[in-house]
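Taking this note's numbering, the leading residue of the sequence shown gets 3, the next gets one more, and so forth.
Heads up, the beta-carbon is just placed ideally off N, CA and C, and yes, glycines get one too.
First the structure, in the form of structure tokens, and then the observations on it.
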Amino acid sequence: MRRVVVTGLGVVSPIGIGVDAFYDGLRHARSGIGLIRSFDASTFPTRIAGEVTGDVPIPVWVAEPLGSAINRDRKACFAVAAADQALTEAFSGGSIGSSYAPDRIGTYLGAGLEIFHLDDLAPHVRGGELDGASLLASLRDAPAFSRMQIPSHLASSAVAAHARAEGPLAVNVSACTAAAQAIGEAFLAVQDDVLDAAIVGGYDSMVNPLGVGGFCMLEALSRANHLGGAASRPFDLNRDGFVLGEGSAVLILEELNAAHRRNAPIYAELLAYASSLDAYRVSDPDPSLQGAVSAMAQALARARLEPSDVDYINAHGTGTRKNDPMESRAIRRVFGSVAGEIPVSSTKSQVGHLIGAAGAVELIACIFALTEGIVPATINLDTPDPECDLDYVPKKPRARTVRTALSNSFGFGGQNACIAIGRLRG
């Protein structure tokens, strides 16, 4: 069975654009959450999010007419920028298509729901301001918005065309597990000798009136607007919902021997991937925990890891009332007597929930822990919840040797994914 390594990274996040900036944000426990600036959210119950700030460079290879469409889709802009970073780093500014046969390169990206043209929000503007109540009422009539959609695969296709990746193109839209499942399926394709390399990750932005409005209707978002950067509080007793984030993360996967032959930089080795489905309810985790337990247990077994071999877990850790204790209990069930000894943190406390991009950004946070010897913190954890009784690395990052890490993604619809990643072994 072939070994798979990570040779390139790209990030666009609320705490920094580029890997160095993202790492700096993790190292200093910086929050990227604040009042929404990209649209007028003053009439919404939730007025905070983790937004990307600063200039997001659109690569020169994004040509017209595709470029005009990508520029209208915020998440697509993030995707091409992150992909450009990862490809440039992995191939020293060269082309992945000159290193591998084009039909042996795949593109597997998780994405968010299709974006909507904001011009069509005009009927909901009153006195120059967006009327949140009017918009929320109109959300119940989905067909009225059907003409406003931009296809989710837009950015993925642009990235594949630029890279001359003529192998499979897969765009996964399984909500919070989208990026993790996309990365995992590409990993299996390289491991099984279907591909030699893959461009993987995720991109999303639901920080728009429809995204925020929809989650407000579900009462899933934190309404602690007054807390600003302290509003995302995974595992805290006073948490009141998750905070939306936006961004993209892209990684380059390659077969180990091929990467060695071209002297590629190697950040980490993907060890295993597992996915499961609760088959329970759309918005609630299964109380039996079976789906989450299965994903983690299978990932450990496939990676041939014992529970005591894991040095860090990047938790799904949304900050909702139901997810956090469920995930904590599932970790205890899988890891048994050593569960309390393993640092578990949620980087959503810093960047918010990036939905379709979450698993990719969080996997890069695991690579940060592996390469920098620093476990990211769960910031804003002020009041421990008795139902959440693990070591959540509260407030500040922690120096620790990390050889192996797990990244959990548990999403709407009961979808679960777990990726095991480690330092290159032997």
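Between the CA atoms of residue j and residue i - distance to the nearest angstrom
i: Arg-241; j: Ile-35; result: 15 Å
i: Lys-350; j: Gly-230; result: 14 Å
i: Arg-2; j: Ala-177; result: A query on residue 2 cannot be resolved here, the shown segment of the chain reaching from 3 to 428 and no further.
i: Gly-215; j: Ser-411; result: 23 Å
i: Ile-333; j: Asn-382; result: 21 Å
i: His-318; j: Ser-409; result: 8 Å
i: Leu-115; j: Leu-212; result: 11 Å
i: Phe-147; j: His-355; result: Here the model assigns Phe-147 a pLDDT of 38, short of 50, so the residue's position is not dependable and the matter cannot be decided.
i: Ala-113; j: Asn-265; result: 31 Å
i: Val-13; j: Tyr-269; result: 15 Å
i: Gly-415; j: Val-7; result: 30 Å
i: Ala-163; j: Gly-428; result: 35 Å
i: Pro-16; j: Ser-347; result: 18 Å
i: Ala-191; j: Phe-93; result: 21 Å
i: Arg-32; j: Asn-227; result: 18 Å
i: Leu-291; j: Leu-220; result: 22 Å
i: Val-395; j: Thr-380; result: 6 Å
Reduced DSSP secondary structure (H/G/I, E/B, other) of residue i
i: Asn-259; result: helix
i: Asp-42; result: coil
i: Val-14; result: strand
i: Ser-148; result: In this prediction, Ser-148 scores a pLDDT of 42, lower than 50, which makes its location untrustworthy; no coordinate-derived value is stated.
i: Asn-382; result: coil
i: Gly-249; result: strand
i: Asp-75; result: coil
i: Pro-236; result: coil
i: Pro-327; result: helix
i: Glu-308; result: coil
i: Thr-349; result: coil
i: Thr-320; result: coil
i: His-164; result: helix
Endpoints, the alpha helix (DSSP H) within which residue i is located
i: Gly-2; result: Absent from the model: residue 2. The displayed extent of the chain is 3 to 428, so no value can be given.
i: Thr-373; result: 360-374
i: Leu-28; result: 21-29
i: Ile-185; result: 180-193
Beta bridge counterpart(s) of residue i as assigned by DSSP
i: Leu-223; result: Phe-244
i: Ile-417; result: For the record, residue 417 in the displayed sequence is Gln; it is not Ile. Answer is Leu-279, Gly-413, bridged to Gln-417.
i: Ala-422; result: Ala-274, Leu-408
i: Gly-36; result: Ala-51
Endpoints, beta strand (DSSP E) assigned at residue i
i: Asp-206; result: 199-207
i: Glu-443; result: With the chain running from 3 to 428 in the structure shown, residue 443 is simply not present.
i: Leu-111; result: 107-113
i: Ile-50; result: 50-52
i: Leu-171; result: 171-174
i: Tyr-394; result: First-last for Tyr-394: undefined, no H or E at that position.
Buried versus exposed call for residue i [16 or more other C-beta atoms within 10 Å across all chains shown]
i: Lys-77; result: buried
i: Gly-243; result: buried
i: Met-431; result: The structure shown does not extend to residue 431, since the chain is modelled only from 3 to 428, so the question has no answer here.
i: Glu-364; result: buried
i: Pro-67; result: exposed
i: Ala-419; result: buried
i: Pro-378; result: buried
i: Thr-385; result: exposed
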